[in-house]
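Asks: The following block contains the structure, expressed as C-alpha cells.
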Amino acid sequence: MNHKVSAIYKESVLQLTPIYGEREAESIINLLLEDHLGITRIHRLTNPERSLSESDHKKLRSAMLQLLSNVPVQHVIGFAYFMGRKYLVNKHTLIPRPETEELVELILDENDRHQKLNILDIGTGTGCIAISLALAMRASNVTGWDLSEGAVKTAQKNSRALGAQVNMEVQDVFGEIPPQQYDLIVSNPPYIPEADRHEMHENVVAFEPEGALFVSNDDPLIFYRRIAEIGLTHLTPEGKLYFEIHEAFGLATKDMLRTKGYEDAKVFQDLNGKDRMVRAILP
288 MNHKVSAIYK ESVLQLTPIY GEREAESIIN LLLEDHLGIT RIHRLTNPER
338 SLSESDHKKL RSAMLQLLSN VPVQHVIGFA YFMGRKYLVN KHTLIPRPET
388 EELVELILDE NDRHQKLNIL DIGTGTGCIA ISLALAMRAS NVTGWDLSEG
438 AVKTAQKNSR ALGAQVNMEV QDVFGEIPPQ QYDLIVSNPP YIPEADRHEM
488 HENVVAFEPE GALFVSNDDP LIFYRRIAEI GLTHLTPEGK LYFEIHEAFG
538 LATKDMLRTK GYEDAKVFQD LNGKDRMVRA ILP
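Right, dumping it as C-alpha cells:
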C-alpha cells in the first residue's frame, strides 16, 4: 500500500472532487493534512516521497470516510479559521465564513479601535464576530447573545482560548430584552429563505444548525426587523447597526431600516461583488 504523501494527496483530491469540485477538494485535503497530521503544503511539495506512518494513514482514512459522507472538514478537524484564529465548531454553531470576516473589517474600518464602546453581537454562534471585535477594540465592552445554550458554551470556550473578554449570554431576541444601552449592534442572523434549501450543499444542511441558517419564505427579514426594533430602544444616539445579509435582500433591508427611522442606511458588497452587509445609524 502506497503511504507516500504525494500519492495520498492526489488520490484524496480525486475522491473528493466529484462532491466538492477540484479546487475545494484541494483546499480540504491541504487543511486536513496540515491540521490533522501536521503536514504543511510546503512540506508536502518539498518532501513528496515522505511516507505516512500506519497510524497517520489510518487517521487520514477515517477522516476521508467522514468527508465522503459530507461531514464538513471543519467538523472533522474540530475547528475553523476566522481572521487567522482557530475557533472550535460543532453541531451547535455555524461554521464561520470569509464573508463574515468582511463584516468585521467594515466595523473596524468605520469605528475608532481605541474608543470605549458597548458592543452587542446578536446570534454569536462560535463567537467569531464578538471575539474578533473584542481583540481588536480592547477598550470596548463586548457582549454576545445566542438562543442556543450549546452555541453560548462553545463561544465561551473560544473566548477563553483566544484571550478575549466577552460576556456570552443565552438570549432570545423575541423575548424580553435586558435594559442595556449599546453604541454598536452587529448581527449575522438566519437569512436563507427555505426556498433556497435545495441549492445548499449537503454538508451545510445536514451538519449546521437549521435555526441559524433558514427563515420563512414569507418573511425573510424577520430577524432584521426585530433587531432593528431592539436598536430603537437599546442603541445610544448615533449608535450603529451592522448586518450581514442575503444578497437578494440588500435594498429591502435598507428600506426597512429607513422606515424604522434609521439614517445613512447603506448596502456594502463583498469581495465577490454581492450585496452582503448593511449599516445604518440611529439619529
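Heads up: the sequence shown begins at 288 in this note's numbering, then just goes up one per residue.
No residue lacks a Cβ here, since even glycine has one placed at the ideal position from N, Cα and C.
1. Under the three-state reduction of DSSP, which class applies to residue 555: helix, strand or coil?
2. Taking the alpha helix (DSSP H) that residue 540 belongs to, which residues open and close that run?
3. If you draw a straight line from the C-alpha of residue 555 to the C-alpha of residue 387, how long is it?
4. With a cut-off of 8 Å on the beta carbons, I'd call residue 462 and residue 433 a contact; round off their distance for me.
5. Can you tell me whether residue 558 is buried or exposed, with buried defined as 16 or more other CB within 10 angstroms of its CB?
6. Just to confirm before moving on: does the CB-CB distance between residue 453 and residue 418 stay below 8 Å?
7. So which of 525, 501 and 537 has the shortest CA-CA distance to residue 381?
8. Determine the direct distance from the alpha carbon of residue 311 to that of residue 328, and round the result to whole angstroms.
9. Please report the Cβ distance between residue 315 and residue 296, rounded to the nearest whole angstrom; I am assuming they are in contact, meaning their Cβ atoms lie under 8 Å.
10. Where residue 350 and residue 379 are concerned, what is the direct C-alpha to C-alpha distance, given to the nearest angstrom?
11. So residue 333 is in the alpha helix (DSSP H); what residue range does that whole segment cover?
12. Grab me the residues of residue 288's own chain with a C-beta within less than 7 Å of its C-beta, minus the 5 sequence neighbours each way, in chain order.
13. Would you kindly report the start and end of the unbroken beta strand (DSSP E) that includes residue 358?
14. DSSP three-state call for residue 288: helix, strand or coil?
15. Give the straight-line distance between the Cα atoms of residue 302 and residue 367, rounded to the nearest whole angstrom.
16. Once the 5 residues before and after residue 456 are set aside, which same chain residues still bring their CB inside 6 Å of it?
Replies: In this structure, then:
1. As a first step, residue 555 must be located in the sequence shown, where it is residue number 268. DSSP places residue 555 in strand when its eight states are reduced to three.
2. Here residue 540 corresponds to residue number 253 of the sequence shown, with the count starting at 1. If you look at residue 540, you'll find it in the alpha helix (DSSP H) that goes 537 to 547.
3. Mapped onto the sequence shown, residue 555 falls at position 268. Mapped onto the sequence shown, residue 387 falls at position 100. Residue 555 and residue 387: Cα-Cα distance of roughly 12 Å.
4. Residue mapping note: residue 462 aligns to position 175 of the sequence shown, counting from 1. Residue mapping note: residue 433 aligns to position 146 of the sequence shown, counting from 1. Going by Cβ atoms, the distance from residue 462 to residue 433 rounds to 13 Å, so no, they are not a contact pair.
5. Translated into the one-based positions of the sequence shown, residue 558 becomes position 271. Per the 10 Å Cβ criterion, exposed.
6. Numbered from 1 along the sequence shown, position 166 holds the residue referred to as residue 453. Numbered from 1 along the sequence shown, position 131 holds the residue referred to as residue 418. Yes, Cβ-Cβ distance for residue 453 and residue 418 is below 8 Å.
7. To locate residue 381, count along the sequence shown from 1; it is residue 94. Closest by alpha carbon: 501.
8. Working through the sequence shown from its first residue, we reach residue 328 at position 41. Working through the sequence shown from its first residue, we reach residue 311 at position 24. One C-alpha to the other measures close to 15 Å.
9. For this step, residue 315 is matched to residue 28 along the sequence shown. For this step, residue 296 is matched to residue 9 along the sequence shown. That pair is no contact at about 11 Å.
10. Working through the sequence shown from its first residue, we reach residue 350 at position 63. Working through the sequence shown from its first residue, we reach residue 379 at position 92. When rounded, the distance between both Cα atoms is 21 Å.
11. As a first step, residue 333 is located in the sequence shown; it is residue number 46 there, counting from the start. 328 to 333 is the extent of the alpha helix (DSSP H) around residue 333.
12. One-based indexing of the sequence shown puts residue 288 at position 1. Here the model assigns residue 288 a pLDDT of 48, short of 50, so the residue's position is not dependable, and the following value carries that caveat. Cβ neighbours of residue 288 beyond the five flanking positions: none.
13. Position 71 of the sequence shown, counted from the start, is the residue given in the question as residue 358. For residue 358, no beta strand (DSSP E) run applies, since DSSP gives it neither H nor E.
14. Within the sequence shown, the letter at position 1 stands for residue 288. The predicted model places residue 288 with a pLDDT of 48, which falls under 50 and marks its position as unreliable; any figure quoted below should be read in that light. Three-state result, residue 288: coil.
15. As a working note, residue 302 is residue 15 in the sequence shown. As a working note, residue 367 is residue 80 in the sequence shown. Their backbone Cα atoms lie some 22 Å apart in a straight line.
16. Counting from 1 along the sequence shown, the entry for residue 456 is found at position 169. Correct list, in chain order: 432.
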